[in-house]
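Chemist: So that you can map any letter, position 104 of the sequence shown is 104 in my numbering, and since no number is skipped, the others follow by simple counting.
Let me begin by handing over the structure; questions about it come next.
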Amino acid sequence: MKTFKRILSALLILIIIVFLCGFFLVRHISNRAVPDYNAGITLQGLKNPVDVFRDEYGIPHVYAQTEEDLYRVVGYMMAQDRLWQMDLIRRVTSGRLSEIFGEDYLGADKLFRALRVPAKSMMVMENTDPVVLKQIEAFSDGVNQYIEKNQKKLPFEFAVLGYKPDTWEPIHTYN
Numbered sequence: 001m002k003t004f005k006r007i008l009s010a011l012l013i014l015i016i017i018v019f020l021c022g023f024f025l026v027r028h029i030s031n032r033a034v035p036d037y038n039a040g041i042t043l044q045g046l047k048n049p050v051d052v053f054r055d056e057y058g059i060p061h062v063y064a065q066t067e068e069d070l071y072r073v074v075g076y077m078m079a080q081d082r083l084w085q086m087d088l089i090r091r092v093t094s095g096r097l098s099e100i101f102g103e104d105y106l107g108a109d110k111l112f113r114a115l116r117v118p119a120k121s122m123m124v125m126e127n128t129d130p131v132v133l134k135q136i137e138a139f140s141d142g143v144n145q146y147i148e149k150n151q152k153k154l155p156f157e158f159a160v161l162g163y164k165p166d167t168w169e170p171i172h173t174y175n
């Protein structure tokens, strides 16, 4: 009976240790991507300083002197707040969900590949005004600068699924 109590006590202690380690690991992973909205950020390619402030609801307000600067900063901020969502939509529209979720999503991938969303997006992009294309390129650059600067602080979902997002291309904005 004494041996049984010792085994039971050791097992209980082990369960508590595993639970605590798991709790702190999940907490660390989930909080590591939370940005410091008060930190100043330097982006490559800006022609002038850009001011950003977030109101009490966390909604960003961007004040830029040029549209190119505006779109570069908005790309960065959008990736900061929504990179996982952006990557997921890109994967859905290009039929690449099974790469991260497994074979169960092959049917969905085949369906979306049959819809040829990227090809249709390319047709739209080819007919887009050059000024708008320049803005989309600046937006894409902002997204990519966020990805580059935050490789170790990507959103929780990337850590759980064990992959990093691909480079954001202007065509992905159309998808």
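The beta carbon of each residue, even a glycine, is placed where N, CA and C say it ideally should be.
Values in this document were obtained by computation on a predicted structure and should not be read as measured data.
Please state whether DSSP places V124 in a helix, a strand or coil.
Modeler: For the purposes of this step, residue 124 is identified with residue 124 of the sequence shown, where counting begins at 1. Here V124 sits in helix by DSSP.
Chemist: Below 8 angstroms on the Cβ atoms is my contact criterion, and I expect Y71 with G142 to pass it. Report the Cβ-Cβ distance as a whole number of Å.
Modeler: Position 71 of the sequence shown, counting from 1, holds the residue named residue 71. Position 142 of the sequence shown, counting from 1, holds the residue named residue 142. Sure, about 7 angstroms apart at Cβ, within 8 angstroms.
Chemist: Would you list the residues sitting across from P60 in a DSSP beta bridge?
Modeler: As a first step, residue 60 must be located in the sequence shown, where it is residue number 60. Note: P60 sits in a beta bridge opposite R54.
Chemist: Go through its chain and collect everything with a Cβ distance to E169's Cβ below 8 angstroms, but skip five positions before and after it.
Modeler: Position 169 of the sequence shown holds residue 169. Same-chain partners within the cutoff: S140.
Chemist: CA-CA distance, M125 and E68?
Modeler: As a first step, residue 125 must be located in the sequence shown, where it is residue number 125. As a first step, residue 68 must be located in the sequence shown, where it is residue number 68. About 18 angstroms.
Chemist: Just checking, does the region 43–53 make contact with the region 126–133 on the three C-beta pairs under 8 angstroms criterion?
Modeler: Output reads no: the region 126–133 does not touch the region 43–53.
Chemist: Just the C-alpha distance for M122 and N175, rounded to the nearest angstrom, thanks.
Modeler: Stepping through the sequence shown from its first residue, residue 122 is reached at position 122. Stepping through the sequence shown from its first residue, residue 175 is reached at position 175. Taking the straight line from one Cα to the other gives about 9 angstroms.
Chemist: Alpha carbon to alpha carbon, what distance is there between A39 and T173?
Modeler: By 1-based counting over the sequence shown, the position of residue 173 is 173. By 1-based counting over the sequence shown, the position of residue 39 is 39. Answer to the nearest angstrom: the Cα atoms are 27 angstroms apart.
Chemist: Just to confirm the assignment: which complete alpha helix (DSSP H) runs, minimum length 4, are found wholly within the region 98–146?
Modeler: Here the runs fully enclosed are 98–101, 106–115 and 117–126.
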